[in-house]
Amino acid sequence: MKNFANPTRTALAVLAFTALAGPALAQQGLDEPFQKPFKEALTGKTVAYVPVAMNFDLTEGWYAGLKKELEPFGVKFVIRDANWNTNAGAQAVTSLISEKPAVMVVHNPDVQTYAKLLQRAENEGIYVIQINMGSAYRSSAFVGANWIEIGERDTEAVVKACEGKSNKIAIVQGALSAAASAYTLKGVENVLAKHPEIKVVSSQAADWDAAKAKAITQTVLKQNPDLCGIVGFWDGMDIGTAAAVKEAGLTGKVFLATSGGGERKGACELVKSGAFDLNLSYDVPTQAAQMAGTIKWLLSSGAKPGSIKGSEYTTLIPITKENADSQTSCWNLSDLKK
Amino acid sequence: MMKRFRLNQQEIVFAVFALLFLVFSIFLNGFLTAENMLTLLQNVAVLGILGLAMAIVVIGRGIDISLIAALAVPPGLVLQMVQNGHSLPFSLLTAVLLTIAFGLVNGWLIAYAEVPSLFATLATGLLLAGLGQAALFQLDVVQWSAGMNGFERLGQGTILGIPTSIVMFAIACIVVAILLRQTRWGAYIYAIGDNPYAARVTGIPSRPIIVLQYVIAALIGCFAGLVMAASVNSMPTRVFNSTLIYDVILVVVLGGIGLSGGRGGVLNVIIGTLLIGTMLNGMTIMDMSYAGQNLIKGVVLLLAVITDSFLNPRNEETAQQGDI
Chain R
1 MKNFANPTRT ALAVLAFTAL AGPALAQQGL DEPFQKPFKE ALTGKTVAYV
51 PVAMNFDLTE GWYAGLKKEL EPFGVKFVIR DANWNTNAGA QAVTSLISEK
101 PAVMVVHNPD VQTYAKLLQR AENEGIYVIQ INMGSAYRSS AFVGANWIEI
151 GERDTEAVVK ACEGKSNKIA IVQGALSAAA SAYTLKGVEN VLAKHPEIKV
201 VSSQAADWDA AKAKAITQTV LKQNPDLCGI VGFWDGMDIG TAAAVKEAGL
251 TGKVFLATSG GGERKGACEL VKSGAFDLNL SYDVPTQAAQ MAGTIKWLLS
301 SGAKPGSIKG SEYTTLIPIT KENADSQTSC WNLSDLKK
Chain U
1001 MMKRFRLNQQ EIVFAVFALL FLVFSIFLNG FLTAENMLTL LQNVAVLGIL
1051 GLAMAIVVIG RGIDISLIAA LAVPPGLVLQ MVQNGHSLPF SLLTAVLLTI
1101 AFGLVNGWLI AYAEVPSLFA TLATGLLLAG LGQAALFQLD VVQWSAGMNG
1151 FERLGQGTIL GIPTSIVMFA IACIVVAILL RQTRWGAYIY AIGDNPYAAR
1201 VTGIPSRPII VLQYVIAALI GCFAGLVMAA SVNSMPTRVF NSTLIYDVIL
1251 VVVLGGIGLS GGRGGVLNVI IGTLLIGTML NGMTIMDMSY AGQNLIKGVV
1301 LLLAVITDSF LNPRNEETAQ QGDI
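If you read the protein sequences in the order shown, they are chains R and U. Each residue of the first sequence is one higher than the last, beginning at 1 in this note's numbering. Each residue of the second sequence is one higher than the last, beginning at 1001 in this note's numbering.
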């Protein structure tokens, strides 16, 4: 309100309005000088996408989101599915370097495997955007979740839920070889270092596998029925963790925090049912939109690949009972594909 | 004299199991409680059911690497179809038909086209998993939907105080035991496994019986998958890419079912499953690292395979290249 009281501001606003209205009143149209070069920069360019595997909510969501944003501008969108095979992925990146797409969107299986290849790609004049899982090489852009933050926020929530209770918690990690799992664990450790009263009774890797997560959690709960919280590393796996908690009749008593891409069936529905108490979502459609924006910016900027580098860490959406019903907390893959 | 001191593998494994059980009971707090025993069994129930399927095939001197595809794809299809609005009975029927068709393809390749079982099932497993990924499922993890409600009782909850998945394992054990020991088909499977040529000469319909083995194995695999899906409220079809199949082979070989065929039975699967269950449960309670657990599992499998080849030496007369 204070702004409008400022006479200079008001005058400026009036001026701006007249300036805007001016051309609209003119008889002839005015050419916007930047849209044509933008279109030219995008038309006929190829964007290659190398996910660790298709067929799961994250990679399908990125794919659908990128396609929707880029194809209308005449961008050719190609996909090289590594299907959980690190070698196949490295081969795909290598062959793409010789095919010379304009942009490569890469989802790293680990920190090292693609690092050298991505550097080579940028030297060859291909912009590289890394998604959710970065490599040791810093490329034009990184778009993705901050795993350390996820570990910290999940653990903080669990620690808070444990106040006045047994202070016993369990950690269900992903696969040991995955950097996402190791980074998240680092975040967990950061918080636990500040809370010496918390006792970790179990910290095991369940290989992103729901059945394994269930087996481990069942055993842990039998040994420690007074467990007050569990930090899980991925909602797709923690369906199993939640099933174990439910079977032990401890839903609501054991606080389960996890994270994921925020797809409705895998996230909101499960928070609503009480399976998860907190699910930190790295909102896949937003990530896709940010990647698409970065691609448009890079292509139209004409900057030399590798000459500018930056990061866009995702703003996390904490999904709890309060917002699980909201239309905007989660997304539907089927809608994104339309 | 030597003969009297010789233990067979089943007895060795049982002795190892008993020893391990004793050590854990004494040194691990909270191991020897009724609740933990049930958890132990519950955690390996699906593995045990798969072990039964593998046992049937191995006794008939084959191997079925495609078992995990049968575990993942037809039950995944049930969940997906229900999610898409089909009724549960119709989805189940479709899945069972798909499973039978799959078993028939396996059996035909091995019995009639005479492709070695290892290669045939390796290829068909990939085929079925690929079909699932490309054409049947929208996502790797097929989520539970409202239409499935009630079906989760197959893998969750208890019957007379015993967790349902253990009851399912018990039922599967009884069915397979009857098949192997009480029916003529069972006797034929042993005969074929022991000496396929002799079996054929005596007039046993070897080829149809081999087809039958793979159909039954696939159906049991599908059943294990349904129990698993019900138990974790979803079907993570990516399980196909996991090392589960090695655990299944571990159960079978560890239990004392010789890979050269014709030996062993349901009891062996139960013993193998118990040993694995005890190991996993003990290691989880000790909060042992993942790498350490793999190391121990690997060493145990190696010991089991070595013991197997000492105790069940290859039959020079009938063994041939390409046999497992």
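For glycine and all other residues, C-beta sits at the position ideal for the given N, C-alpha and C.
**Study point:** Neighbouring residues, chain R, relative to U:Pro1236 (Cβ below 9 Å)
**Key:** Scanning chain R for C-beta atoms nearer than 9 Å to the C-beta of U:Pro1236 yields Trp208, Asp209, Ala210, Ala211, Gly236, Met237, Ile239, Gly240, reported in chain order.
Point to revise | Expected contact under 8 Å - CB spacing of U:Ser1165 and U:Gly1125 to nearest Å | key: Going by Cβ atoms, the distance from U:Ser1165 to U:Gly1125 rounds to 24 Å, so no, they are not a contact pair.
Review point. If you pair each beta-carbon of the segment 1046–1057 of chain U with each one of the segment 1166–1185 of chain U, do three or more pairs fall below 8 Å?
Key: Flag = yes, the segment 1046–1057 of chain U and the segment 1166–1185 of chain U touch.
Check your understanding: So what does DSSP say about U:Asn1043, is it helix, strand or coil?
Key -> Here U:Asn1043 sits in helix by DSSP.
Exercise for review: Can you check the segment 1205–1248 of chain U for any beta strand (DSSP E) of at least 3 residues that lies completely inside it and give the ranges in chain order?
Suggested key: Qualifying beta strand (DSSP E) stretches, in chain order: 1234–1236.
Point to revise | Chain-ordered chain U contacts of R:Leu375 [CB-CB under 8 Å] | key: Here chain R comprises residues numbered 1 to 338, so residue 375 of chain R is not present and cannot be evaluated.
Check your understanding: DSSP puts U:Gln1143 in a beta bridge; with which residues?
Key -> Looking at the DSSP assignment, U:Gln1143 forms a beta bridge with U:Ser1234.
Check your understanding: Would DSSP call R:Ala53 helix, strand or coil?
Key -> Correct three-state label for R:Ala53: coil.
**Study point:** Beta-carbon proximity list for U:Ala1304, same chain, < 6 Å, skipping 5 on both sides
**Key:** Contacts found: Val1253, Leu1254.
Check your understanding: Nearest to R:Trp84 by CA position, among U:Ser1242, U:Thr1273, U:Ser1289, U:Gln1293, is which residue?
Key -> For R:Trp84, the closest alpha carbon among the candidates U:Ser1242, U:Thr1273, U:Ser1289, U:Gln1293 is that of U:Ser1242.
Review point. Any C-beta of chain R sitting closer than 7 Å to the C-beta of U:Val1078?
Key: By this cut-off, U:Val1078 is not an interface position.
**Study point:** Contact set for R:Thr217: own chain, Cβ-Cβ below 8 Å, skip 5 residues either direction
**Key:** Result list for R:Thr217: Ala170, Val172, Ile230, Gly240, Thr241, Ala244, Val245, in chain order.
Check your understanding: Hey, R:Val271 and R:Asp57 are a contact pair by Cβ (cut 8 Å); roughly how many whole angstroms apart?
Key -> About 15 Å separates the CB atoms of R:Val271 and R:Asp57; that is not less than 8 Å, and the two are not in contact.
**Study point:** Endpoints, alpha helix (DSSP H) assigned at R:Glu312
**Key:** Where R:Glu312 is concerned, there is no enclosing alpha helix (DSSP H), although the beta strand (DSSP E) it sits in stretches over 310–313.
Check your understanding: Pick from R:Lys321, R:Leu316, R:Ala324, R:Ile295: whose alpha carbon is nearest that of R:Gly310?
Key -> Of the listed residues, the one whose Cα sits closest to R:Gly310 is R:Ile295.
**Study point:** chain R contact residues for U:Ile1285, given Cβ-Cβ distances below 8 Å
**Key:** Thr219, Gln223, listed in chain order.
Check your understanding: Hey, how far is the Cα of U:Ser1206 from the Cα of U:Tyr1112?
Key -> Roughly 10 Å between the two C-alpha positions.
**Study point:** Inter-residue spacing [alpha-carbon to alpha-carbon] between U:Ala1191 and U:Gly1203
**Key:** Linking U:Ala1191 to U:Gly1203 through their CA atoms gives a straight-line distance of about 11 Å.
**Study point:** Residue-chain proximity (R:Ala136, chain U), Cβ-Cβ < 7 Å
**Key:** Chain U contact via Cβ: absent.
Exercise for review: Please state whether DSSP places R:Trp331 in a helix, a strand or coil.
Suggested key: Collapsing the DSSP output to three states places R:Trp331 in a strand.
Check your understanding: So what's R:Tyr127 in DSSP terms, helix, strand or just coil?
Key -> When secondary structure is reduced to three states using DSSP, R:Tyr127 falls in the strand class.
Exercise for review: Closer than 7 Å by beta-carbon distance: list the chain U residues that pair up with R:Phe56, in chain order.
Suggested key: Neighbours of R:Phe56 on chain U, chain order: Leu1139, Asp1140, Val1141.
Check your understanding: Helix, strand or coil for R:Glu263 per DSSP?
Key -> Strand at R:Glu263.
Review point. Going straight from the alpha carbon of R:Ser326 to that of R:Glu163, what length do you get?
Key: R:Ser326 and R:Glu163: Cα-Cα distance of roughly 29 Å.
Practice item. Could you confirm whether any beta carbon from chain U is found closer than 7 Å to the beta carbon of R:Lys98? Key: The residue asked about is misnamed: residue 98 of chain R is Ser in this sequence, not Lys. The C-beta of R:Ser98 comes no closer than 7 Å to any C-beta of chain U.
Check your understanding: Roughly how many whole angstroms lie between the Cα atoms of R:Tyr127 and R:Ser203?
Key -> One C-alpha to the other measures close to 39 Å.
Exercise for review: Go through its chain and collect everything with a Cβ distance to R:Gly74's Cβ below 7 Å, but skip five positions before and after it.
Suggested key: Excluding residues within five positions, the ones whose Cβ falls inside 7 Å are Leu42, Thr43, Gly44.
Review point. Hey, is R:Trp331's beta-carbon within less than 7 Å of any beta-carbon in chain U?
Key: So, not an interface residue.
**Study point:** Exposure label - R:Pro33; buried when at least 16 CB within 10 Å
**Key:** By the neighbour-count rule (16 or more Cβ atoms within 10 Å), R:Pro33 is not buried but exposed.
Review point. Could you check where the alpha helix (DSSP H) with U:Val1073 kicks off and where it finishes?
Key: U:Val1073: member of the alpha helix (DSSP H) spanning 1067–1083, first to last residue.
Check your understanding: Buried or exposed: where does R:Glu99 fall if 16 or more other Cβ atoms within 10 Å of its Cβ makes it buried?
Key -> Counting Cβ neighbours within 10 Å, R:Glu99 comes out exposed, since fewer than 16 surround it.
Point to revise | Touching by the beta-carbon criterion (3+ pairs, under 8 Å), the segment 1139–1148 of chain U and the segment 1008–1018 of chain U | key: Too few Cβ pairs lie closer than 8 Å, so no.
Practice item. Taking 7 Å as the cut-off, decide whether the C-beta atoms of R:Met291 and R:Ile129 are in contact. Key: Against a cut-off of 7 Å, the Cβ pair of R:Ile129 and R:Met291 comes out as a contact.
**Study point:** 7 Å CB neighbourhood of R:Ser177 in its chain, flanking five on each side removed
**Key:** For R:Ser177, where only same-chain residues beyond five positions count, the Cβ hits under 7 Å are Asp110.
Practice item. State yes or no: is the C-beta of R:His107 nearer than 6 Å to some heavy atom of the ligand NAP? Key: For the structure depicted, the ligand NAP is absent and the ligand set is empty, with no information on it obtainable.
Review point. Among R:Glu247, R:Gly61, R:Val52, R:Leu66, which has the Cα closest to the Cα of U:Ile1162?
Key: Taking U:Ile1162 as reference, the option from R:Glu247, R:Gly61, R:Val52, R:Leu66 with the minimal CA-CA separation is R:Glu247.
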